[in-house]
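Engineer:
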Amino acid sequence: MEVNRREMQEESPKIMLCNLLKKIGKFEKSLKFLKQLQRNPGDENLAHIHNRIGIALKDEKKYEAALEHFQTAFELAYNSEPPQRKYSAFILHNQGLVYAKQNKLNEALRFQQRAMEIVESIGSTNSHFVASYYGSIGRIFSRQKDFDKAMKYFMEAIKISEMSLSTDHVYNAFNFANIATMYARQHKYDEALSYHLMALELRKKYLPSNNYNLGWSLEEVARMYYKKGDSQKALEYYLESLKIARSYTFPSWQHNLIRLLDNIALVYGSGYEKALEYHLQALEMQRKFEPTNYRTLIKHLEKIASTYKCIGDMYNSLKYFKEISTIYEKYLSYDRNNMAQHFNTMASVYEQMNELYYALNYYSKAKHIYEELCSYNTLFYENIKQSIKRVKDSIRRRSNRSLCSSNIVGESKALNSDKE
553 MEVNRREMQE ESPKIMLCNL LKKIGKFEKS LKFLKQLQRN PGDENLAHIH NRIGIALKDE
613 KKYEAALEHF QTAFELAYNS EPPQRKYSAF ILHNQGLVYA KQNKLNEALR FQQRAMEIVE
673 SIGSTNSHFV ASYYGSIGRI FSRQKDFDKA MKYFMEAIKI SEMSLSTDHV YNAFNFANIA
733 TMYARQHKYD EALSYHLMAL ELRKKYLPSN NYNLGWSLEE VARMYYKKGD SQKALEYYLE
793 SLKIARSYTF PSWQHNLIRL LDNIALVYGS GYEKALEYHL QALEMQRKFE PTNYRTLIKH
853 LEKIASTYKC IGDMYNSLKY FKEISTIYEK YLSYDRNNMA QHFNTMASVY EQMNELYYAL
913 NYYSKAKHIY EELCSYNTLF YENIKQSIKR VKDSIRRRSN RSLCSSNIVG ESKALNSDKE
């Protein structure tokens, strides 16, 4: 309530309605309403509208479009009379978040530091907004593996949050999650789990049961349990997170759901039937994305083909491997190295099925590509040559057995004919 009250001091009732729609999962409706306000702003602040549209587009992973709206928002806010300097810092912070999403970490840091300079210049350093700036800078240092600096900023974020809100405020979940992620990057999974559980406790206490941040915390707790080797606990939290993820249908969220399904399949591990069930669900969702990301699609197909192979269902394994072949030949023909490795895998499946001529064909295709790439000295190339020799020897032995059988049958017929 305190955060909402403070937001209402910055935003109009109409924009607050858009924020509320977003918080309850009505992302598309929220963005639609914001775009209507952009077309017919009336007395609304256009800088605020563009900023909120930018945030919505960021959440949809439309980063370039988001940056355009943020730039427009900043120019309107900073050049207004009087200048909206505090809000300008908020916009710069949001631009920094987008650059971080694009892995442009130096650019992201520059924007976050500019935001901090503005709030310091106007003496507005004691609010949860400023705490989020500290948290964002900490995340950048964490990703750059400067963990001491990252922790310094995270602790400052917690200090400001507790001063401006309370020690038990749900907003602190973001700070705890930031520290947890930093520890996970250092493979300190016990510490990471501890902070993720603290974040989860706050979110369970204050957020609706289907809130997406709650779902994220559940997923991260599951991931830490999996890293620690506790598959049963991991599965428990993953499945709880999955219930929340399935309640969101907007396109950008589907990527999160696919990742979650794949992680659940990973937990099942050698329980191939259950793993396959979740891999197939992930593939079905991935096929719906436009434009098609063929590399991502191949990864899903490979997981399914390999799982079928593990359970001895070579027919279905081959079916998905063939689809991968089609994608490489039709859409990714320039990626010769990965294509060669795929053909080698296809050949091994055929060899396992005792379809030796098909196996020889695909081994030869892989060898031909490596010769094109002049990769004669690689271990992979040497292995392919050995595989071709092995398959040819098998074909030769099979032919000799067939010839021998034919001779025996012929001699038998001749003997019978002589007896007559």
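Just so you know, we're using my numbering here: the sequence shown kicks off at 553 and counts up by one.
The beta-carbon is built from N, C-alpha and C at its ideal position, and this holds for glycine as well.
Keep in mind the model is a prediction, meaning the values are calculated, not measured.
Could you give the residue range of the alpha helix (DSSP H) that holds G594?
Structural biologist: Taken as a continuous stretch (DSSP letters only), G594 belongs to no alpha helix (DSSP H), as it is neither H nor E.
Engineer: Tell me the residue span of the alpha helix (DSSP H) that contains R691.
Structural biologist: Segment 680-695, the alpha helix (DSSP H) holding R691.
Engineer: Which same chain residues end up closer than 6 Å to I731 when comparing Cβ atoms and leaving out the 5 residues on each side of it in sequence?
Structural biologist: Excluding sequence neighbours, I731 sits near F706, Y747.
Engineer: As a quick exercise: from Y933, S713, C862, pick the residue whose alpha carbon is nearest that of F895.
Structural biologist: The candidate whose alpha carbon is nearest that of F895 is Y933.
Engineer: Between G675 and Q664, is the Cβ-Cβ spacing less than 9 Å?
Structural biologist: For G675 and Q664, no; Cβs fall outside 9 Å.
Engineer: Quick check on the DSSP output: the alpha helix (DSSP H) that includes T733 runs from which residue to which?
Structural biologist: Residues 724-737.
Engineer: Thinking Y777 and Y758 are a contact (beta carbons under 8 Å), I'd like their distance in whole angstroms, please.
Structural biologist: With 8 Å as the limit, Y777 and Y758 do not qualify as a contact, their Cβ atoms being about 23 Å apart.
Engineer: Compare the Cα-Cα distances from Y630 to each of H600, E903, S713, I576 and report the closest residue.
Structural biologist: When only C-alpha atoms are compared, the closest one is H600.
Engineer: Which residue from E907, R604, G781, E854 puts its Cα closest to that of E563?
Structural biologist: Closest by alpha carbon: R604.
Engineer: List the endpoints of the continuous alpha helix (DSSP H) containing Y741.
Structural biologist: Unbroken alpha helix (DSSP H) run through Y741: 741-758.
Engineer: Hey, L573 and F585 are a contact pair by Cβ (cut 8 Å); roughly how many whole angstroms apart?
Structural biologist: Going by Cβ atoms, the distance from L573 to F585 rounds to 7 Å, so yes, they are a contact pair.
Engineer: So, are the CB atoms of G687 and K704 less than 9 Å apart?
Structural biologist: Their beta carbons are not under 9 Å apart, which means G687 does not touch K704 by this criterion.
Engineer: Evaluate S716 with the Cβ neighbour count: other Cβ atoms within 10 Å of its Cβ, from every protein chain shown; 16 or more gives buried, anything less gives exposed.
Structural biologist: By the 10 Å Cβ count, S716 comes out buried.
Engineer: What does the alpha-carbon distance come out to for the pair W805 and G864?
Structural biologist: Each residue's Cα considered, the two are about 34 Å apart.
Engineer: Given this structure, state the Cα-to-Cα distance separating Y820 from Q588, to the nearest angstrom.
Structural biologist: Each residue's alpha carbon lies about 46 Å from the other.
Engineer: State the start and end residues of the unbroken alpha helix (DSSP H) segment that holds D700.
Structural biologist: Where D700 is concerned, the enclosing alpha helix (DSSP H) stretches over 699-716.
Engineer: Please confirm whether L787 and L770 have their CB atoms less than 9 Å apart.
Structural biologist: Taking 9 Å as the Cβ cut-off, L787 and L770 do not qualify as a contacting pair.
Engineer: Starting from Y886 and walking both ways along the alpha helix (DSSP H), at which residues does that stretch end?
Structural biologist: No alpha helix (DSSP H) holds Y886; DSSP gives it neither H nor E.
Engineer: For a quick check, are the C-beta atoms of I810 and L766 less than 9 Å apart?
Structural biologist: No, these two residues do not count as a Cβ contact at 9 Å.
Engineer: Kindly list the residues whose CB is nearer than 6 Å to the CB of A918, restricted to its own chain and excluding five residues on each side of it in sequence; keep chain order.
Structural biologist: So the list reads A892, F895, N896, I936, once near-sequence residues are dropped.
Engineer: List the endpoints of the continuous alpha helix (DSSP H) containing R637.
Structural biologist: Unbroken alpha helix (DSSP H) run through R637: 637-653.
Engineer: Quick check: is the beta carbon of T859 nearer than 9 Å to any beta carbon in chain C?
Structural biologist: Absent from the structure is chain C; it holds one protein chain and no more.
Engineer: Helix or strand or just coil, what does DSSP make of H721?
Structural biologist: Looking at H721 - three-state DSSP - the assignment turns out to be coil, as it is neither helix nor strand.
Engineer: Our contact map puts Y872 next to L853 with C-beta atoms below 8 Å; I'd like the distance itself, whole angstroms only.
Structural biologist: Rounded, the Cβ-Cβ distance is 5 Å, consistent with contact.
Engineer: Assign H739 to one of two classes, buried (16 or more other C-beta atoms within 10 Å of its C-beta) or exposed (fewer than that).
Structural biologist: With fewer than 16 Cβ atoms within 10 Å of its Cβ, H739 is classed as exposed.
Engineer: Could you say which of R695, E772, A911, D887 lies nearest to F728 if we only look at CA atoms?
Structural biologist: Cα-wise, what sits closest to F728 is E772.
Engineer: Would you kindly work out how many angstroms separate the C-alpha atoms of N597 and H621, rounded to a whole number?
Structural biologist: Their backbone Cα atoms lie some 14 Å apart in a straight line.
Engineer: Quick one: which unbroken alpha helix (DSSP H) runs of 4-plus residues sit fully inside the segment 903-941? Chain order, please.
Structural biologist: For the segment 903-941, whole alpha helix (DSSP H) runs of length 4 or above, ordered along the chain, are 908-924.
Engineer: Measuring alpha carbon to alpha carbon, tell me which residue in Y615, W768, E829 is nearest E792.
Structural biologist: It is W768 whose Cα lies nearest to the Cα of E792.
Engineer: Figure out for me which residue from A683, V671, N658 has the closest Cα to the Cα of R695.
Structural biologist: Of the candidates A683, V671, N658, the one whose C-alpha sits nearest the C-alpha of R695 is N658.
Engineer: Go through its chain and collect everything with a Cβ distance to A817's Cβ below 6 Å, but skip five positions before and after it.
Structural biologist: Cβ neighbours of A817 beyond the five flanking positions: A827, Y830, H831.
Engineer: Alpha carbon to alpha carbon, how far is K840 from A834?
Structural biologist: Near 10 Å, if we compare the C-alpha coordinates of A834 and K840.
Engineer: Need the endpoints of the alpha helix (DSSP H) that G973 sits in, please.
Structural biologist: What the structure shows of the chain is the stretch from 553 to 972, and residue 973 is not part of that stretch, so it cannot be assessed.
Engineer: Go ahead and pull the three-state DSSP assignment for N845.
Structural biologist: Here N845 sits in coil by DSSP.
Engineer: Answer with buried or exposed for I960, where buried requires no fewer than 16 other C-beta atoms within 10 angstroms of its C-beta.
Structural biologist: Note that I960 has pLDDT 48, beneath the 50 cutoff, so the model's placement of it is unreliable and the number below is only indicative. Label assigned to I960: exposed.
Engineer: Can you list, in chain order, the stretches of the alpha helix (DSSP H) that have 4 or more residues and sit fully within the segment 811-845?
Structural biologist: 824-838, all fully within the segment 811-845.
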